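Novice:
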Amino acid sequence: MKDNFEIDSSNFTALSPKEYKELGKDLEIVYGFGSTPFGKALLASTKRGVCFLAFDEDEEKLLFELEKSWSNALLIRDDVKIEKQFKSIFLDNKKVDIFVKGTNFQINVWKALLNIPDASVTTYQDIANSIDKPKAVRAVATAIGSNNIAYLIPCHRVIGKSGAMSGYRWGIDRKKILLAYEAMKDIDEKNR
DNA sequence: CTCCTACTCCTGC
DNA sequence: GCAGGAGTAGGAG
Numbered sequence: 003m004k005d006n007f008e009i010d011s012s013n014f015t016a017l018s019p020k021e022y023k024e025l026g027k028d029l030e031i032v033y034g035f036g037s038t039p040f041g042k043a044l045l046a047s048t049k050r051g052v053c054f055l056a057f058d059e060d061e062e063k064l065l066f067e068l069e070k071s072w073s074n075a076l077l078i079r080d081d082v083k084i085e086k087q088f089k090s091i092f093l094d095n096k097k098v099d100i101f102v103k104g105t106n107f108q109i110n111v112w113k114a115l116l117n118i119p120d121a122s123v124t125t126y127q128d129i130a131n132s133i134d135k136p137k138a139v140r141a142v143a144t145a146i147g148s149n150n151i152a153y154l155i156p157c158h159r160v161i162g163k164s165g166a167m168s169g170y171r172w173g174i175d176r177k178k179i180l181l182a183y184e185a186m187k188d189i190d191e192k193n194r
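Here this note's numbering is used: the first residue of the first sequence is 3, the next is one more, and so on.
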């Protein structure tokens, strides 16, 4: 099967490895800070979709991360615009476009993550199986760990095979909270 | 090439 | 149960 970067269930755009090396050259990125049910976050998006979403109480640290991953892009702060996006993601539960940079392998892994149903969990092993590389478990874990878009790429739904919480880039505790929140939301929707 | 990793399995205590 | 080692595949420099 030929690689393509389209996915049915969601709008998922990926930069080619070549564009990836240019780190967002000539790309306009609008960013802003906002509150989420999981703490303060930085959201950044381009015309093609959201390209960065991370949690941290420290704004400077978040901004540093953003600049590091898109160092050639033009960053424009617009809290009002971003606030609206926060709202549609976290309150209205809307699907938003996702725009990422990464290698082919990483992109395959992230696509696999997007297929995890809401409020359910999977294991690193399952992801490795689903991209047809059952032995690449560690590589899968590394790829998951290097994604720039928390929550929208549901990396928090991946746990160890034994059921143990392994790592999470934004803290194990945050991972637990995210899962608990999703479970709650799920019950909520069923009771409607 | 070398070193790293958000894994997993196996062993020995 | 926990600690340590090895196997493993891909990424970063």
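Even for Gly, the Cβ is constructed at its ideal location relative to N, Cα and C.
Values in this document were obtained by computation on a predicted structure and should not be read as measured data.
Among the residues of its own chain, which have a CB less than 6 Å from the CB of Lys96, if the five just before and after it don't count?
Specialist: Ser90
Novice: Return the chain-ordered list of same chain residues with a C-beta closer than 8 Å to the C-beta of Lys196, the five sequence neighbours on each side being excluded.
Specialist: This structure does not reach residue 196, given that the chain is present from 3 up to 194, and the question cannot be answered.
Novice: Considering only the beta carbon of each residue, do Phe107 and Ala145 sit closer than 8 Å?
Specialist: Against a cut-off of 8 Å, the Cβ pair of Ala145 and Phe107 comes out as a contact.
Novice: Counting only the same chain and skipping the five closest in sequence on each side, list residues whose C-beta sits under 6 Å from that of Ala130.
Specialist: In the same chain as Ala130, and ignoring 5 residues on each side of it, the C-beta atoms closer than 6 Å to its own belong to Pro136, Ala138, Val139, Val142, in chain order.
Novice: Under a Cβ-count criterion, where at least 16 other Cβ atoms within 10 Å of its own Cβ denotes burial, should Ile118 be classed as buried or exposed?
Specialist: buried
Novice: Can you check which of these residues, Cys53, Leu45, Phe57, is closest to Ile174 by C-alpha distance?
Specialist: Phe57
Novice: Assuming Ser71 contacts Phe54 (C-beta within less than 8 Å), just tell me the rounded distance between them.
Specialist: 7 Å
Novice: Asn13 to Gln87, Cα distance in whole Å?
Specialist: When only Cα atoms are considered, Asn13 and Gln87 end up about 15 Å apart.
Novice: Could you pull out every unbroken alpha helix (DSSP H) segment of at least 4 residues lying fully inside the segment 56-90, listed in chain order?
Specialist: 61-71, 81-88
Novice: Pick helix, strand or coil for Ser103, following the three-state DSSP scheme.
Specialist: The question names Ser, but residue 103 in the sequence shown is Lys. In the three-state reduction of the DSSP assignment, Lys103 falls in the strand class.
Novice: Give the secondary structure of Glu30 by DSSP, where H, G and I count as helix, E and B as strand, and everything else as coil.
Specialist: strand
Novice: If you run the structure through DSSP and keep just helix, strand and coil, what is Lys177?
Specialist: helix
Novice: How about Ser73 and Leu17: are their beta carbons less than 8 Å apart?
Specialist: No; because the gap between Cβ atoms is not below 8 Å, this pair is not in contact.
Novice: Starting from Gly147 and walking both ways along the alpha helix (DSSP H), at which residues does that stretch end?
Specialist: 139-147
Novice: Would Leu29 and Thr48 be called neighbours here (beta carbons separated by less than 8 Å)?
Specialist: Using a Cβ distance threshold of 8 Å, Leu29 and Thr48 count as a contacting pair.
Novice: With 16 other CB atoms within 10 Å as the buried threshold, where does Lys103 fall?
Specialist: buried
Novice: Using the C-alpha atoms, what's the distance from Met167 back to Arg159?
Specialist: 10 Å
Novice: Compute the Euclidean distance between the alpha carbons of Arg50 and Val98, then round it to the nearest angstrom.
Specialist: Whole-angstrom Cα-Cα distance: 10 Å.
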